[in-house]
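Per this note's numbering, the sequence shown starts with residue 26, numbered consecutively.
Glycine is no exception: its CB is placed at the ideal position from the N, C-alpha and C atoms.
Shown next, in structure tokens, is the structure this report addresses.
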Amino acid sequence: MYAVIRTGGKQYRVSEGDRLRVEKLAGDVGASITLSDVLLIGGEKVVVGKPVVAGARVTATITAQDRAKKVIVFKFRRRKNYRRKNGHRQPYTELKITAVSA
């Protein structure tokens with residue numbers, strides 16, 4: 026069985042045992058969280074929500090709270106002596122899906 030969940034403004038297709046990186050969520054490493062924004066439940070019978078499936082839950086455990094690799098932002102205007110260098114590291118939460126329940 027699989028589910029399509031929505032978190033952090035993005036949608037993910039998950040099934041039990043999957044690991045995925047999502048936008049930062051509150052919680053400590055090892056804590057269990059419940060994601061209730063389930064848009065679709067699939068398997069033998071597909072259930073599509075309007076907009077969410079009533080009573081559907083996805084439980085996951087937090088395996089890591091970290092920051093992604095650095096992205097360099099370099100702005101440049103030719104012949105104007107304009108150069109700006111900036112770096113950004115986006116925080117993320119790594120989840121391990123433990124259960125998908127309809």
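1. Can the beta-carbon of residue 81 be found less than 8 Å from the beta-carbon of residue 28?
2. What residues in its chain sit with their C-beta under 8 Å from that of residue 19, if we drop five residues either side in the sequence?
3. By the three-class DSSP mapping on this structure, what secondary structure does residue 126 have?
4. Please report the residue range of the beta strand (DSSP E) in which residue 50 lies.
5. Please list, in chain order, all residues of the same chain as residue 107 whose beta carbon is under 8 Å from its beta carbon, the five residues on each side excluded.
6. Going by the beta-carbon positions, is the gap between residue 112 and residue 122 smaller than 8 Å?
7. Using C-beta distances below 8 Å, list every residue in its chain close to residue 53, excluding the 5 sequence neighbours before and after it, in chain order.
8. Of the choices 31, 117, 38, whose alpha-carbon is the least far from that of residue 92?
To lay it out plainly:
1. yes
2. Not covered by the structure: residue 19. The range shown for the chain is 26 to 127.
3. strand
4. Taken as a continuous stretch (DSSP letters only), residue 50 belongs to no beta strand (DSSP E), as it is neither H nor E.
5. 100, 101
6. no
7. 87, 90
8. 117
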